[in-house]
Structure formats: structure tokens, C-alpha cells
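Peer 1: Residue numbers (the working numbering), protein chains in the order written: chain A, -6 to 94; chain B, -6 to 94.
A virtual CB, placed ideally from N, CA and C, is assigned to each residue, including glycine.
Computed from a prediction, not measured in an experiment: that's the story for all the values here.
Number of protein chains: 2
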Amino acid sequence: MDDFNIDSLDDVIHGRLRLGVMAYLSTAGSADFPLLKTKLQATDGNLSVQLRKLEEAGYVTIGKAFVGKKPQTTVTLTAQGRKAYIAYLDAMKKLIADSGL
Amino acid sequence: MDDFNIDSLDDVIHGRLRLGVMAYLSTAGSADFPLLKTKLQATDGNLSVQLRKLEEAGYVTIGKAFVGKKPQTTVTLTAQGRKAYIAYLDAMKKLIADSGL
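(1) Kindly provide the ranges of any alpha helix (DSSP H) runs that are 4 or more residues long and lie completely inside the region 21 to 74 of chain A, ordered along the chain.
(2) My assumption, with CB atoms under 8 angstroms, is that residue 18 of chain B sits in contact with residue 68 of chain B. Please give the rounded CB distance.
(3) What does residue 45 of chain B touch in chain A if you count any residue whose Cβ is under 8 angstroms from its own?
(4) Pick from B:89, B:77 and B:-2: whose alpha carbon is nearest that of residue 31 of chain A?
(5) Which bits of chain B does residue 76 of chain A rub up against, with CB to CB less than 8 angstroms?
(6) Which residues bound the alpha helix (DSSP H) around residue 4 of chain B?
(7) Drop a sphere of 10 angstroms on the beta-carbon of residue 6 of chain B, count the other beta-carbons inside from all chains shown, and report buried for 16 or more, exposed for fewer.
(8) Whole angstroms is fine: what's the gap from residue 11 of chain B's alpha carbon to residue 47 of chain B's?
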């Protein structure tokens, strides 16, 4: 545990809902808003806020389009986001390994 | 990612500083306050608050004693805390495995 530094866990990713979004997008690549909401059992408001934080960090892009008359919001993981998520998981793997459990 | 549920990550443990405390204690078993403060580069105030949350959850005990005239605070992981930490790491391992990274 001597080398574990909590700062190595990217705080933007660490928030539980944001972590859920990143985990989902790390395999799916992109998802529309209602799907994320369902998968993560989130409210509109909270999901919007957390997605904005991820967007501000450059980890996702949020695209808006109309499908027919219906607006659709698509969230896509960026290359930078994937890199940051991998770094986060690496830090977490280290924590797990150092815990020896 | 279909089965990942962010609720599976115990929020009491997930907070970064609390996670750092739990990770440290998972190997050390117990530690005095100044050591935790140094290891986790925390302030007195924040560390106290987070330790109290862990104590309220039953994950650590906080003992106070005098060593000579000097008060000493010792934080010790409980069996319940270890169990919760293992469950947390298991959920995190699942997240990592499901991310396929």
C-alpha cells in the first residue's frame, strides 16, 4: 500500500454515476440518453449534470440530433476518455493488488 | 456491462479518502491518526470527518489513548469493514473485467 496515492484515481471518473457511464461506454462506445438512464437507473437531472462534467473533461461528446421529430441525445466516449478510463482502471487494479485480497 | 450496477459499489467506501483509509487498513490492520494523515496526504479536518463516517458504518473503530501525556488516536479495521471492503473490491473487479480493458 505504500505507493497508493488516492490522487491517482481521477476524480472526474471516480464519481459513481460517471464511473457507470464510462464503464458502459468503454464497451458500447456510444449510447443514447434514455439507454444510459435505464442502464444506470439515473434521473434525467443527475445524468445530465454528470454527463456535462464528463464532456467538460473531454471524456465524452454529447451530440444532439432529430430522429424524425424526436430529439435524440447521443453520448460517445472520446479517445481521451478511453485513455483516462484505462488509467483509472490501472490505478484501481493496483489498489486491489496492493490490498492483497 | 449489462449486469453492472453502480449501487454495488458501497458509497461509504467509494469516497476517495475513505477508500484510501480502507485500502491502507486492509493490509496494516490499524494505524494511528498522524500516520494515516501522512499516508493519504489529508488534512486533519477532512480525515476526521471521513473516519467518523467509516466508524458510523461499523467499518473501523476509533480508539483514543494517552501515550505518556500525548493523546493518540488509533484507527482499526473491523471484521465488518474488511468484509465490506472485500465486497467493494469484488464489485470493482467485476467492473474492470466487464470493461474488457
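Peer 2: Taking the definition as stated:
(1) DSSP assignment within the region 21 to 74 of chain A yields the following whole alpha helix (DSSP H) runs of 4 residues or more, N-terminal first: 26 to 33 and 37 to 49.
(2) Residue 18 of chain B sits at position 25 when you count from the first residue of the second sequence. Residue 68 of chain B sits at position 75 when you count from the first residue of the second sequence. Confirmed, about 7 angstroms.
(3) As a first step, residue 45 of chain B is located in the second sequence; it is residue number 52 there, counting from the start. Neighbours of residue 45 of chain B in chain A, taken as residues whose beta carbon is under 8 angstroms from its own, are absent, since the nearest beta carbon is some 18 angstroms off.
(4) Taking the first sequence and counting its residues from 1, one reaches residue 31 of chain A at position 38. Closest option to residue 31 of chain A, judged by alpha-carbon separation, among B:89, B:77 and B:-2: B:-2.
(5) Position 83 of the first sequence holds residue 76 of chain A. Neighbours of residue 76 of chain A on chain B: none; closest Cβ ~11 angstroms, over 8 angstroms.
(6) Along the second sequence, one-based indexing puts residue 4 of chain B at 11. For residue 4 of chain B, the enclosing alpha helix (DSSP H) has its first and last residue at 4 to 7.
(7) Here residue 6 of chain B refers to the residue found at position 13 when the second sequence is read from its first residue. Residue 6 of chain B comes out buried.
(8) By one-based count along the second sequence, residue 11 of chain B stands at place 18. By one-based count along the second sequence, residue 47 of chain B stands at place 54. For residue 11 of chain B and residue 47 of chain B, the gap between their C-alpha atoms comes out near 7 angstroms.
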